[in-house]
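Chains as they are written, first to last, in this note's numbering: chain A, 6 to 847; chain B, 3 to 244. To start, the structure under review is shown below, and the notes come after it.
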Amino acid sequence: MIRYVLHALRAHWRAGRTLFVLTVLGVALGVASVLSIQILNGSALAAFRGGLQAIGGDADLSVLPRGPDLPDSAVPEVLAVAGVRAAWPVVQIPVTIAGEELSFLDVVGVDLLAPRELPFAGGETPDLSSALGEEGWAAVPLPLARRRGWKVGDTIRLASGSRAVPLRIGALVDFSRLGPTAGGKFVVMDVAQAQALLGRPGLLHHVDVQVQPGFEAKAVAAAIERRFRGRVQALAPEQRERQAAGLLAAFRLNLTALSLISLVVGAFLVYVATQAALVRRRGEFGLLRSLGATRGQVLAAMLVEVALLGVLGVALGLPLGYAVARANVAGVSATVANLYLLQEIDALTVPGWIWALAVATGIGSALAGALLPALDVARRDPRELLSAFSLHARARGAARGLLLCGLALFAVAGAGGLAFARGVPVNGFLLGLAVLAGTPLVTPWVLRQVAVPLPVRRFGLLYGVRGLAARLQTAAFATASLAVAGCMLVGITLMVGSFRRTIAVWVDSTVRADVYVTTESWRRARDQAVLGPEVIAALSRVPDVARVDRLRQVTTTAGGAAVNLGGIDMGLPGGERRFVFLEGVPRQALRRARQEGAVLVGEPMARRRGLRVGDRLTVEGPEGPVAFPVAGIVHDYSADAGSVLMDLRTMERAFGPGPIQNAALYLVPGADAEAAVDAVKARLPGVPLLVRSNRALRREIFRVFDQTFAVTRLLQAMGLLIAVCGITVTLLILARERVPELALYRALGATRGEIFRVFLGQGLGIAAVGCALGALGGIALALVLVYVVNRASFGWTIALAWPLPELARQGGAILLAAALAGIYPALRASRVPATELRREDV
Amino acid sequence: MDRGHGDHRDQVVAPPVPALRLQRVSKTYAAGDGGPALEVLRDVSLEVPPGRKIAVRGRSGSGKSTLLHLAAGIDTPSAGRVEVLGEDLSSLGDRARTRLRRDRIGLVFQFFHLVPHLSVLDNVLLPAWIAAEPPGQAEVRARALLERVDLGGRAGETVEKLSGGEQQRVALCRALLRKPALLLADEPTGNLDDDTSRRVLDLLLELCAGEGSALVYVTHSAEIAAHADEVHLLRRGVLERA
Chain A
6 MIRYVLHALR AHWRAGRTLF VLTVLGVALG VASVLSIQIL NGSALAAFRG
56 GLQAIGGDAD LSVLPRGPDL PDSAVPEVLA VAGVRAAWPV VQIPVTIAGE
106 ELSFLDVVGV DLLAPRELPF AGGETPDLSS ALGEEGWAAV PLPLARRRGW
156 KVGDTIRLAS GSRAVPLRIG ALVDFSRLGP TAGGKFVVMD VAQAQALLGR
206 PGLLHHVDVQ VQPGFEAKAV AAAIERRFRG RVQALAPEQR ERQAAGLLAA
256 FRLNLTALSL ISLVVGAFLV YVATQAALVR RRGEFGLLRS LGATRGQVLA
306 AMLVEVALLG VLGVALGLPL GYAVARANVA GVSATVANLY LLQEIDALTV
356 PGWIWALAVA TGIGSALAGA LLPALDVARR DPRELLSAFS LHARARGAAR
406 GLLLCGLALF AVAGAGGLAF ARGVPVNGFL LGLAVLAGTP LVTPWVLRQV
456 AVPLPVRRFG LLYGVRGLAA RLQTAAFATA SLAVAGCMLV GITLMVGSFR
506 RTIAVWVDST VRADVYVTTE SWRRARDQAV LGPEVIAALS RVPDVARVDR
556 LRQVTTTAGG AAVNLGGIDM GLPGGERRFV FLEGVPRQAL RRARQEGAVL
606 VGEPMARRRG LRVGDRLTVE GPEGPVAFPV AGIVHDYSAD AGSVLMDLRT
656 MERAFGPGPI QNAALYLVPG ADAEAAVDAV KARLPGVPLL VRSNRALRRE
706 IFRVFDQTFA VTRLLQAMGL LIAVCGITVT LLILARERVP ELALYRALGA
756 TRGEIFRVFL GQGLGIAAVG CALGALGGIA LALVLVYVVN RASFGWTIAL
806 AWPLPELARQ GGAILLAAAL AGIYPALRAS RVPATELRRE DV
Chain B
3 MDRGHGDHRD QVVAPPVPAL RLQRVSKTYA AGDGGPALEV LRDVSLEVPP
53 GRKIAVRGRS GSGKSTLLHL AAGIDTPSAG RVEVLGEDLS SLGDRARTRL
103 RRDRIGLVFQ FFHLVPHLSV LDNVLLPAWI AAEPPGQAEV RARALLERVD
153 LGGRAGETVE KLSGGEQQRV ALCRALLRKP ALLLADEPTG NLDDDTSRRV
203 LDLLLELCAG EGSALVYVTH SAEIAAHADE VHLLRRGVLE RA
């Protein structure tokens, strides 16, 4: 049989290459997307692991504060714990190269004379005792120095908050000697110098620990935590990696979902190509069956053929996937570093199992795409296969059953949504999946109901649409695929549009100051990116500035999870207008915040922890847990971790005096914000600040928002691909199936133009029904995304909005693509001559 | 249908020219493998006056269907001239030949060639849809034709439920719907049993007489051919009067 398969493959390659190419491309698309996403996902974690190796070396444990900071005094306390062989302090402060807003580096302050040795390039350790005496001595990784053109002896200017710090490169380090993924964008220097130069005197990021032989790291970790009465956590490198994986889980899930969509689209291409090829070869398989081939043999022959094409697709997809990963590493790296505050991806790591997964995915998707059409052909008897014409009677019969299944899934989604509204925990993704699965199931029945009763009185577009019901199996699949693509497109467009509208309303309320001042390193360094007091003082002296509103940020933990605390002046006149309250009385809440030390809790955090007004929120303070009464729950879209706002004085009482990270300037009435921005920059030359007017900040917010949801464009592209490929191939299949019928029309006097219009009608019919079902399914999906998934996963309330122009534009694009996709098959169909009317046909 | 065509059809009632004229028509097919060309028709001449019924007899492969395809303008001759109602088909482009076939010629096939996803009535109406005729008039005529072939009560049924003889009666109605001046039938009874064949043939001849259409039908059966006004024999591509 395999010889027959190989002969058949050669013969059909000569007969027509389009379907072969489509199958190979479909597989390659799936393989490339899965491979590239898995490489990027794996590399993000490998980068974090590499960072741990670079900084920690062979440390067994890292002692991290549960509260905002760890004092220097932690080191002797750790050393006093039984089983600790060595402990050394580490300061880690994200900075930027001065003047380059997004060029983040981490300054790592270590004890240069600690037991762990830095892997200096060339293997020669420089004179570290003299390095300690030289202010600004730093070692940089070899790859970073090469990329930047730095060499030993150069001076580099780094920005930490509003400080610009010059450092001299005293040595180069080669972290790759510690492990294949060890590396990172680090600048290594003496811990005391790092603290002094970067404004973190006496404060550590963590303490690295070596455990004595004979002691278990786990037991030593527990002993350390006990000694600090729970104010620190002592974690092994694997635990820290697991924490990072948890942080990245949602991000990685999103990327994986995207790759799965591409995989499904790839399998779809394989399906349509296989179906088209099998329609062409029905007679051949009928003959094989007549000659005694079993159904199993016919099925095996078809699947082996597709698997061989799948191998070609895999061969194309593997290098393509790697190239895609390389092309996207910068974007993913920036997201991982800036949004999740983890290490940037320096190099792609591709373990063997990722290649194996990609190969299995490729062959699997090829077989999955081909299985249904192959089973359909294998099921038919030889007489049916040898007949050139058969109506899809079985599909007609199945339409009702599929409809019932589809309606049942919609009912499940609806009931789940209602249950969620009543407080029952529901997995929103499963509800979304129910909608996505239900939409294609109702398609055959809807297509038939639309097509059959059409009042046809002319041989043209409507006649074509009605003909779809006669070939339901072929037509319904393309329609259903289009409906699913439309469903995803409409659902996500509605969700993103609603989110954007909600953000716009929120920004209108919260972004009220005229000018905002922050620092270049703030995006990654957060509470470590400090505005110096001299900067705050200078801001208040800028002409036209009526008031400077200060924001102090503290990062700590509550119940083991990170929490951002924001300290602001709650006494600002009319300050309650800066918040959109979900719960609580605005004026009363702000009065309580001022007078009673109460806090306003952002919605995501309130939902996650079930907090209501009147409850108390406990967070880790420098000396242990601190509890605050909750005075209000406010909308908060700044971070999915959620944040807590309190009065600056409350924060000072709980966490001690501390620096300011951001400032908002209110100008005198009539003053020009852009002029004030220029005035701030002029007054503070050389200070690495980011100064933006209200309008510029809003623009930036929406730029970041649109960039975050740029993925919708990918979905649109996938939708268009499905529309074009699905409709083109389906109409080509129909044209092939209907040669005798088309010849009859020609014999009865239909012109080529009229046949062309009939086929165009079929393309438009598929597109219209697919788009309509996609729109309805998409609305249902949007409701699930907005009211269930967003609330359950992120804790955000989003008001449903209808971005009609955007929806119309996307719907129009799909319809236009569908119409264009119908042109080629329609031309092919119109060229069928009446002489094709063979005696045994029709 | 536009007025021009309507006026033209009025003239068909008493056409001054033959419904069909073949003048020294030959048809040769080139062999795909580079071998000698296959000559299916050789120097065929035939004239069919209006209202005349002509049978062409021949064995399988004698070129009968090719003759009908040439007469219908579905295929073009390698040599010679085909005229339908005085129009030289070789002077017409594909579109004009298609229009002529649509408006002046009716076709009946051995295997009926009904569209399975259309009802009995819709199959009869198909030529009217293709010609974009006003639906009302066409439907009245289609129903009348179905009544004449005793299928009036089954207009709404799907054609798959009909017997072979019934399907061929539907095909006759479809061919005659637009009152063609020339009806071409390819083995119209070839797929039917003897009794049904006779009834369908009677109906075909009766309907043609009623509509005033000229009829050319090809058959392998001497008995079926004997009902025509003239019988011609087609042997190895050569047509001769029986």
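For each residue, glycine too, the CB sits at the ideal point set by N, CA and C.
Exercise. Would you call the segment 230–246 of chain A and the segment 38–45 of chain A in contact, with 3 or more CB pairs under 8 Å?
Worked result: no
Problem set entry | Strand pairing of Val145 of chain A, partner residues [DSSP] | Numbered from 1 along the first sequence, position 140 holds the residue referred to as residue 145 of chain A. For Val145 of chain A, which the question treats as bridged, DSSP gives the partners A:Leu177.
Exercise. Which residue comes first and which comes last in the alpha helix (DSSP H) that contains His71 of chain B?
Worked result: Here residue 71 of chain B corresponds to residue number 69 of the second sequence, with the count starting at 1. For His71 of chain B, the enclosing alpha helix (DSSP H) has its first and last residue at Lys66 to Ala74.
For this session: Using alpha carbons as the reference points, say which of A:Leu353, A:Glu628 and A:Thr623 lies closest to Gly634 of chain A.
Result: Taking the first residue of the first sequence as position 1, residue 634 of chain A is located at position 629. A small correction: the amino acid at residue 634 of chain A is Pro; Gly does not occupy that position in the sequence shown. Measuring from the Cα of Pro634 of chain A, the nearest candidate turns out to be A:Thr623.
Exercise. Comparing alpha-carbon positions, which option in A:Val794, A:Ala668, A:Glu525 and A:Gly315 lies nearest Val888 of chain A?
Worked result: The structure shown does not extend to residue 888 of chain A, since chain A spans only 6 to 847, so no value can be given for it.
Exercise. Pairing CB atoms from the segment 558–566 of chain A with CB atoms from the segment 685–702 of chain A, are three or more of them under 8 Å?
Worked result: Taking 8 Å as the limit for Cβ pairs, the verdict is that the segment 685–702 of chain A does not touch the segment 558–566 of chain A.
Exercise. Along the chain, where does the alpha helix (DSSP H) that runs through Glu625 of chain A open and close?
Worked result: Locating residue 625 of chain A in the first sequence gives position 620, where the first residue counts as 1. Not the alpha helix (DSSP H): Glu625 of chain A falls in the beta strand (DSSP E), residues Arg621 to Gly626.
Exercise. Touch check for the segment 522–535 of chain A and the segment 662–669 of chain A: three-plus C-beta pairs under 8 Å?
Worked result: Enough Cβ pairs lie closer than 8 Å, so yes.
Exercise. Is the beta carbon of Arg97 of chain B less than 8 Å from the beta carbon of Leu128 of chain B?
Worked result: Taking the second sequence and counting its residues from 1, one reaches residue 97 of chain B at position 95. Taking the second sequence and counting its residues from 1, one reaches residue 128 of chain B at position 126. No, the Cβ-Cβ distance between Arg97 of chain B and Leu128 of chain B is not below 8 Å.
Exercise. For Tyr750 of chain A, which option in B:Thr30, B:Arg101 and B:Thr68 has the closest C-alpha, if you only look at C-alpha atoms?
Worked result: As a working note, residue 750 of chain A is residue 745 in the first sequence. With distances taken between Cα atoms, Tyr750 of chain A lies closest to B:Arg101.
For this session: Report the three-state DSSP secondary structure of Met723 of chain A (helix, strand or coil).
Result: Translated into the one-based positions of the first sequence, residue 723 of chain A becomes position 718. Of the three classes helix, strand and coil, the one that applies to Met723 of chain A here is helix, per DSSP.
Exercise. So does the segment 597–612 of chain A actually touch the segment 796–811 of chain A, counting three or more Cβ pairs closer than 8 Å?
Worked result: yes
Problem set entry | Alpha carbon of Gly154 of chain A to alpha carbon of Phe586 of chain A, nearest angstrom | Position 149 of the first sequence holds residue 154 of chain A. Position 581 of the first sequence holds residue 586 of chain A. When rounded, the distance between both Cα atoms is 52 Å.
For this session: Decide if Gly239 of chain B is buried, meaning its Cβ has at least 16 other Cβ atoms within 10 Å, or exposed.
Result: As a first step, residue 239 of chain B must be located in the second sequence, where it is residue number 237. Buried.
Problem set entry | As assigned by DSSP and simplified to three states, the class of Val495 of chain A | Position 490 of the first sequence, counted from the start, is the residue given in the question as residue 495 of chain A. Reduced to three states, the DSSP call for Val495 of chain A is helix.
Exercise. To the nearest angstrom, how far is it from the Cα of Arg613 of chain A to the Cα of Val429 of chain A?
Worked result: Translated into the one-based positions of the first sequence, residue 613 of chain A becomes position 608. Translated into the one-based positions of the first sequence, residue 429 of chain A becomes position 424. Whole-angstrom Cα-Cα distance: 14 Å.
For this session: Check whether the Cβ of Ile226 of chain B lies closer than 8 Å to any Cβ atom in chain A.
Result: Taking the second sequence and counting its residues from 1, one reaches residue 226 of chain B at position 224. Judged by the 8 Å Cβ criterion, Ile226 of chain B is not in contact with chain A.
For this session: Examine chain A for any beta-carbon lying closer than 8 Å to the beta-carbon of Pro129 of chain B, and answer yes or no.
Result: As a working note, residue 129 of chain B is residue 127 in the second sequence. Yes, because at least one Cβ of chain A sits closer than 8 Å to the Cβ of Pro129 of chain B.
Exercise. Does the count of Cβ pairs from the segment 494–513 of chain A and the segment 288–298 of chain A closer than 8 Å reach three?
Worked result: Touching, no, given that fewer than three Cβ pairs across the two stretches are closer than 8 Å.
For this session: Please confirm if Ala393 of chain A has its CB atom under 8 Å from at least one CB of chain B.
Result: Your numbering for residue 393 of chain A matches position 388 in the first sequence. Any reading at Ala393 of chain A must be qualified, since the residue scores a pLDDT of 49, below 50, and its modelled position is unreliable; the value itself is stated next. Ala393 of chain A is outside the set of residues whose beta carbon lies under 8 Å from a beta carbon in chain B.
Exercise. Which residues bound the alpha helix (DSSP H) around Phe4 of chain A?
Worked result: Chain A is shown from 6 up to 847; residue 4 of chain A falls before or after that span and cannot be answered.
Exercise. If the cut is a Cβ gap below 7 Å, which residues of chain A does Pro137 of chain B touch?
Worked result: Taking the first residue of the second sequence as 1, we reach residue 137 of chain B at position 135. Those are Arg462, listed as they occur along chain A.
Problem set entry | Extent of the continuous alpha helix (DSSP H) to which Asn795 of chain A belongs | Within the first sequence, numbered from 1, the residue matching residue 795 of chain A stands at position 790. Start and end: Asn795 to Ser798.
Problem set entry | Through-space distance from Leu34 of chain A to Gly271 of chain A, alpha-carbon basis | For the purposes of this step, residue 271 of chain A is taken as residue 266 along the first sequence, with counting starting at 1. For the purposes of this step, residue 34 of chain A is taken as residue 29 along the first sequence, with counting starting at 1. Linking Gly271 of chain A to Leu34 of chain A through their CA atoms gives a straight-line distance of about 6 Å.
Exercise. Per DSSP, which one or two residues make a beta bridge with Asp652 of chain A?
Worked result: Locating residue 652 of chain A in the first sequence gives position 647, counting from the first residue. DSSP, once it has assigned bridges, lists A:Ile573 as partnering Asp652 of chain A.
Problem set entry | Alpha-carbon spacing of Ala164 of chain A relative to Leu653 of chain A, whole angstroms | By one-based count along the first sequence, residue 164 of chain A stands at place 159. By one-based count along the first sequence, residue 653 of chain A stands at place 648. The straight-line gap from Cα to Cα measures roughly 26 Å.
Exercise. Whose C-alpha, out of A:Ala755, A:Val791, A:Leu790 and A:Ala740, is nearest the C-alpha of Gly768 of chain A?
Worked result: Here residue 768 of chain A refers to the residue found at position 763 of the first sequence. Per the Cα distances, A:Ala740.
Exercise. Does any residue of chain A bring its CB to less than 8 Å from the CB of Asp195 of chain B?
Worked result: In the second sequence, counting from the first residue as 1, residue 195 of chain B sits at position 193. Answer no: the Cβ-Cβ gap between Asp195 of chain B and chain A never drops below 8 Å.
Exercise. Are there 16 or more other CB atoms within 10 angstroms of the CB of Arg152 of chain A, so buried, or fewer, so exposed?
Worked result: Here residue 152 of chain A is taken as the residue at index 147 of the first sequence, counted from 1. With fewer than 16 Cβ atoms within 10 Å of its Cβ, Arg152 of chain A is classed as exposed.
For this session: Go ahead and label Val510 of chain A buried or exposed: buried means 16 or more other beta carbons lie within 10 angstroms of its beta carbon, across all protein chains shown.
Result: Translated into positions along the first sequence, residue 510 of chain A becomes position 505. By the neighbour-count rule (16 or more Cβ atoms within 10 Å), Val510 of chain A is not buried but exposed.
For this session: Determine the DSSP secondary structure at Leu396 of chain A, reduced to helix, strand or coil.
Result: Against the first sequence, residue 396 of chain A aligns to sequence position 391. The predicted model places Leu396 of chain A with a pLDDT of 48, which falls under 50 and marks its position as unreliable, so this point remains unresolved.
Exercise. If we count the other Cβ atoms within 10 Å of its Cβ and call it buried at 16 or more, is Val89 of chain A buried or exposed?
Worked result: Numbered from 1 along the first sequence, position 84 holds the residue referred to as residue 89 of chain A. The residue is buried, with at least 16 neighbouring Cβ atoms inside 10 Å.
Exercise. Which of the three DSSP states, helix, strand or coil, is assigned to Phe633 of chain A?
Worked result: Here the question's residue 633 of chain A lines up with position 628 in the first sequence. Phe633 of chain A: strand per DSSP, three-state reduction.
For this session: Mind checking which residues open and close the alpha helix (DSSP H) that includes Glu159 of chain B?
Result: Indexing the second sequence from 1 puts residue 159 of chain B at position 157. Premise fails: Glu159 of chain B is in no alpha helix (DSSP H) and is neither H nor E.
Exercise. Leu40 of chain A CB to nearest chain B CB: under 8 Å?
Worked result: Locating residue 40 of chain A in the first sequence gives position 35, counting from the first residue. No, Leu40 of chain A does not count as interfacial toward chain B.
For this session: Would you decide whether Cys492 of chain A is buried or exposed? Buried here means 16 or more other CB atoms lie within 10 Å of its CB.
Result: The residue given as residue 492 of chain A occupies position 487 in the first sequence. Per the 10 Å Cβ criterion, buried.
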